[in-house]
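Following our numbering, the numbering of the sequence shown begins with 364 at its first residue and continues without gaps.
Cβ coordinates follow ideal geometry from the N, Cα and C atoms, glycine included.
Only one structure is covered here, and it is reproduced in the block below.
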Amino acid sequence: MKEELTSKQQIRRRTIKAFIGFGLASLVPFSVWKWIMSQPKLGRIPAPLRRVLEFNEKVTGSLVSTIHEAPTFPKSMASKWIRTNGLEGLRTPVATDYKIRIEQPEGSTHGSSFEITMDDILALPKQEIVFEFKCIEGWAQIQHWGGVRFIDFVKHYRLSSKANADSFKYVAMETPDKGYFVGIDMPSALHPQTLLAYEMNGQPITEKHGAPLRLIIPVKYGVKNLKRIGLIRFTDERPRDFWAELGYDYFAGL
Ligand SMILES: Nc1nc2c(c(=O)[nH]1)N[C@H]1C(S)=C(S)[C@@H](COP(=O)(O)O)O[C@H]1N2
Ligand SMILES: [Mo]
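Structure representation (structure tokens):
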């Protein structure tokens, strides 16, 4: 009974925080607030607030990812020392027989699931980028990465295509142990700056930074830049996302 009370209080506190976050608190009369709080909950958040959140995500999801390119810089401006942040899914050594599993749902035009190796990735055209990597925790660094553009990878394996010539809506990525996982909206994944990266400052990526292959997605915050890719899955359903499940904005767009 006591436990139930505390978790209720926590939910209330979270909800209040979320509410203030929307910047609506000052605009909404108390009676409306009371109505909102009395509404059924969707997850932990009252339905009306959840809908506002989902609406915001829809708007940012459709605009932010496609409109702009992240500014780029000359190589000479790239940091020699790269900050490390977040080791979820990296607690065991990289497997000696490291492979990347590609999964496509029923209805994809070109087959279902298969595995590729780093040699397959290295055989694709290489692209480099120098951009400002931004972590939600408040630090940023100009960094130099190299790899294959995600869109080139998709075209090469003819992935993500459906009979009606549409693309799937999302791509899910996970570490081999599933300890870290992200969902990326397809326009952002196919953005020309998005890389499956295997080099950092012209050298193979080190383990802490996601060896042998990580996602570099300059139009998103650091959280989406998954290190050590074990699985790439195409889907129309919004994939699970490590930090979104802890309350961060799903799209994490810049
Ligand atoms: N596998 C995995 N990838 C991850 C994380 C993590 O904890 N595990 N953290 C993310 C976060 S929050 C950031 S800011 C960047 C940091 O990458 P870096 O350690 O190369 O600077 O990785 C992202 N990718
Ligand atoms: Mo981060």
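Residue-chain proximity (residue i, chain D), Cβ-Cβ < 8 Å
i: phenylalanine 544; result: Note that chain D does not occur in the displayed structure, where there is just one protein chain.
Own chain residues within Cβ distance below 7 Å of residue i, not counting five before or after
i: phenylalanine 484; result: Here residue 484 is isoleucine; the residue named in the question, phenylalanine, does not match the sequence. Cβ neighbours of isoleucine 484 beyond the five flanking positions: Val511, Leu559, Tyr561 and Leu576.
i: valine 517; result: Ser523 and Leu553
i: arginine 603; result: Phe544 and Gly546
i: lysine 590; result: Leu453, His572, Gly573 and Arg577
Proximity test, residue i beta-carbon vs ligand 2 heavy atom, cut-off 7 Å
i: isoleucine 580; result: no
i: glycine 610; result: no
i: asparagine 448; result: yes
i: isoleucine 445; result: no
i: isoleucine 499; result: yes
Close Cβ partners of residue i (< 8 Å) along its chain, the five nearest in sequence each way excluded
i: isoleucine 445; result: Gln504, Gln506, Met563, Asn564 and His572
i: glycine 384; result: Low confidence applies here, because glycine 384 scores a pLDDT of 48, under 50, leaving its location unreliable; read the following figure in that light. For glycine 384, where only same-chain residues beyond five positions count, there are no Cβ hits under 8 Å.
i: lysine 443; result: Asn564
i: arginine 601; result: Lys532, Tyr533, Gly546 and Tyr613
CA-to-CA distance, residue j to residue i, given in whole angstroms
i: aspartate 540; j: glycine 585; result: 20 Å
i: threonine 557; j: serine 523; result: 16 Å
i: histidine 490; j: glycine 509; result: Sequence check: residue 490 is glutamine here, not histidine. Approximately 6 Å between the Cα atoms of the pair.
i: lysine 583; j: serine 475; result: 28 Å
i: alanine 441; j: phenylalanine 496; result: 10 Å
i: aspartate 612; j: asparagine 588; result: 15 Å
i: isoleucine 592; j: glutamate 478; result: 12 Å
i: leucine 426; j: lysine 462; result: Caution is warranted here: a pLDDT of 47 is assigned to leucine 426, below 50, making its placement in the model unreliable, and the coordinate value is therefore given only provisionally. Rounded to the nearest angstrom, the two C-alpha atoms are 34 Å apart.
i: threonine 435; j: isoleucine 579; result: 14 Å
i: glutamate 667; j: proline 581; result: The shown model of the chain, from 364 to 617, leaves out residue 667, and the question about it has no answer.
i: glutamate 451; j: glycine 542; result: 6 Å
i: valine 534; j: isoleucine 568; result: 23 Å
i: leucine 487; j: proline 555; result: 15 Å
i: glutamine 566; j: glycine 449; result: 21 Å
i: aspartate 548; j: leucine 609; result: 19 Å
Cut-off 6 Å between Cβ atoms - residues of its own chain near residue i, not counting five sequence neighbours on either side
i: lysine 438; result: Val493 and His507
i: isoleucine 514; result: Leu553
i: lysine 371; result: Note that lysine 371 has pLDDT 48, beneath the 50 cutoff, so the model's placement of it is unreliable and the number below is only indicative. Result list for lysine 371: empty, nothing under 6 Å.
i: leucine 368; result: Residue confidence is low: leucine 368 scores 45 on pLDDT, short of 50, so the model does not pin down where it sits. Its coordinate-derived value is still stated next. Taken in chain order, the list of residues that qualify is empty.
i: aspartate 599; result: Phe531 and Lys532
i: tryptophan 606; result: Val586
i: glutamine 467; result: Ser475 and Phe597
i: glutamate 500; result: none
Residue i Cβ short of 7 Å to ligand 1 heavy atom set
i: valine 586; result: yes
i: glutamate 491; result: no
i: arginine 601; result: no
i: leucine 553; result: no
i: glutamate 562; result: no
i: lysine 590; result: yes
i: glycine 573; result: yes
i: glutamate 570; result: no
i: glycine 546; result: no
i: threonine 557; result: no
i: threonine 538; result: yes
i: glycine 616; result: no
Candidates the options, of which the one nearest residue i by Cα
i: aspartate 360; options: Glu451, Phe597, Tyr613 and Val457; result: Residue 360 cannot be examined here, being either before or after the span of the chain that is shown, 364 to 617.
i: isoleucine 465; options: Val517, Leu594 and Glu608; result: Leu594
i: threonine 538; options: Pro434, Thr447, Pro456 and Asp599; result: Pro456
i: threonine 459; options: Lys443, Leu617, Pro488 and Met481; result: Met481
i: tyrosine 520; options: Ser471, Glu500, Ile579 and Trp502; result: Ser471
i: arginine 454; options: Ala615, Glu570 and Arg601; result: Glu570
i: tryptophan 502; options: Pro567, Ser551, Thr447 and Gln566; result: Thr447
i: leucine 617; options: Pro555, Gly610 and Cys498; result: Cys498
i: serine 551; options: Gly610, Ala615 and Glu608; result: Ala615
Point to revise | Ordered list of alpha helix (DSSP H) runs contained in the segment 517-586, each at least 4 residues | key: Listed in chain order, they are 549-552.
Point to revise | Unbroken stretches of the alpha helix (DSSP H), 4 residues or longer, contained in the segment 480-517 | key: Contiguous alpha helix (DSSP H) elements confined to the segment 480-517 occur at 481-485, taking only those with 4 or more residues.
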